[in-house]
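Taking it in order: structure first as structure tokens, then the write-up.
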Amino acid sequence: MRRWVLHIDMDAFYASCEQLTRPTLRGRPVLVGGVSGRGVVAGCSYEARALGAHSAMPMYQARALVGYKGVTVAPRGDLYKHLSRQAFEVFKEFGGVVEQVSIDEAFLEPADIQGFAPDEVRKWVESMRSAVRERTGLAASVGCGPGKQIAKIGSGLAKPDGVAVIPEQDLTRIIHPLPVGKLWGVGPVTRQKLSTLGVQTIGDLAQMSEKEIDISLGPTVGRALWLMARGIDERPVAPRKIAKQISAEHTYPTDLTTRAHTRAALLRASKDAHKRLLVDGRGARTVSVKLRMADFHIESRSATLHYATDNLETLQATALKLLRYPDDVGPIRLVGVSYSGLESARQDVLFPELDQVAHTEEEIDYEVGVRDHAEPEHVEVEAKSSGWRPTQDVFHPEFGHGWIQGMGLGKITVRFETRSTGKGRVRTFDADDPRLEAASALESLR
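Using the numbering used here, the first residue of the sequence shown is number 1175, and each one after it goes up by one.
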């Protein structure tokens, strides 16, 4: 019986959410990330991609590529999570067990379509995509194949807003001509090894003998890649394992150069991560602090407690023991805190206050990292300052919901629009106008 696995990938998810709820952005190059221009791009629209921008690219570089027509918007996590939940509700209604890969990506292996002919699979998938669009207003591309690997490749071929059905008998025609780098696990090092062997395509890899694979890539990883190149992928679709760590990090529009600002940034990150820890319901044994300097150099340090805890004071004190300041490391652009060693059993200790004093560095593991541009899962957050922020959601009793399109010289320009209004009208207000108030991003879905 034919096995069918689906890989669903929401198209340009972050930017599509922005274009859905802010009609002015439709058809324009949109970059989602730090509006100050620092950090990396969290997501970008297809219009921006056509100009060379892509996720994880430095924001200043992406802005230069999209030019004056481009728009940079600060991430709105609540909006993305809400639309993601709606999409995954549809996935579950249609496909049963869902293996969530990220906020906008999942595998399904629906029992209803096992054994179907390719045309029947396509019809079923189109009905699911229609339901996703009706529920969320967003497009999803879907790849269908005999295993996860082929389905994943298929969703890439289907973009944007399409379906790729790849039955086993068509692997040679569709999959084998593709670059070998399309396979999971083939990074730059493995690709270089394969290149020296004359392997450029997936088909080249599939045609190697098992002995050649064992000698060149090893019997474990190499053989797994070789089997996937031949379309043999029996990995089940199953719910993902629970998170191994919980973290929060913030990139600041201006480098942190004082001890007070750096300490405040650390407390902010530790508090945000703690909120997620409480939602998770477990305690943490290990606290890690991550700093990225102005030159993109990364430093991380960690400390492990003798017990798991969700006590904020204890976690913050541990993080403060790990913190280094600009006096020692130079200007800092990013501060992050993560909690790991997560356990359901939290221990009440007799004298917790002993772990709530931030003055010792015992049991600290110290590690210096290197510059790293690849942060596809990281959504940058601008530092909150007094007053309004560019692209912030606002509400006015006369004009309704809008977002800040420009600000300066004591004035704020707001474009009033939501998902259903079409391109909205623009109004300018004094920055201290009492009729303007901050609003939830979810109101832009109206």
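Glycine included, every Cβ here is placed at the ideal spot set by N, Cα and C.
| query | result |
| --- | --- |
| Strand pairing of T1425, partner residues [DSSP] | L1508 |
| Buried/exposed call for R1450, threshold 16 Cβ in 10 Å | exposed |
| Exposed unless 16 or more other CB atoms sit within 10 angstroms - verdict on P1284 | buried |
| Strand pairing of V1354, partner residues [DSSP] | Paired residues: none, contrary to the question. |
| Contact under 9 Å by Cβ, L1371 with S1390 | yes |
| Per-residue DSSP class, three states only, for I1578 | strand |
| Supposed close pair L1312, A1261 - CB separation, criterion 8 Å | 7 Å |
| Straight-line gap, L1508 to L1440 (C-alpha atoms, nearest Å) | 10 Å |
| At least three beta-carbon pairs within less than 8 Å, the region 1282-1302 to the region 1264-1272 | yes |
| Beta-carbon gap between L1616 and L1253 smaller than 9 Å | yes |
| Sequence-distant residues of its chain with Cβ nearer than 7 Å to M1231 (five each side left out) | V1214, V1215 |
| Where V1360 sits in the DSSP three-state scheme | coil |
| Neighbourhood of R1404 by C-beta distance below 6 Å, restricted to the same chain and skipping five residues each side | A1380 |
| Option in L1489, E1473, V1204 with minimal Cα separation from H1480 | L1489 |
| Beta-carbon spacing of P1320, D1446 below 9 Å | no |
| Cα-Cα separation, I1538 to R1196 | With a pLDDT of only 31 at I1538, under 50, the local geometry of the prediction cannot be trusted, and the value read off the model is given with reservation. Each residue's Cα considered, the two are about 47 Å apart. |
| Local Cβ density within 10 Å of E1572, reported as buried at 16 or more and exposed below that | exposed |
| N-terminal and C-terminal residue of the alpha helix (DSSP H) that S1304 is part of | 1292-1310 |
| For Y1499, the three-state DSSP class (helix, strand or coil) | coil |
| First and last residue of the uninterrupted alpha helix (DSSP H) at K1266 | 1251-1269 |
| Per DSSP, the bridge partner or partners of C1318 | L1180, V1339 |
| Same chain, Cβ closer than 7 Å to E1591, five either side skipped, listed in chain order | R1196, P1197, T1198, G1576, K1597, G1598 |
| Neighbourhood of G1217 by C-beta, 6 Å cutoff - its chain only, sequence neighbours within 5 removed | Y1188, A1189, V1206, S1229 |
| Sequence-distant residues of its chain with Cβ nearer than 6 Å to K1356 (five each side left out) | I1327 |
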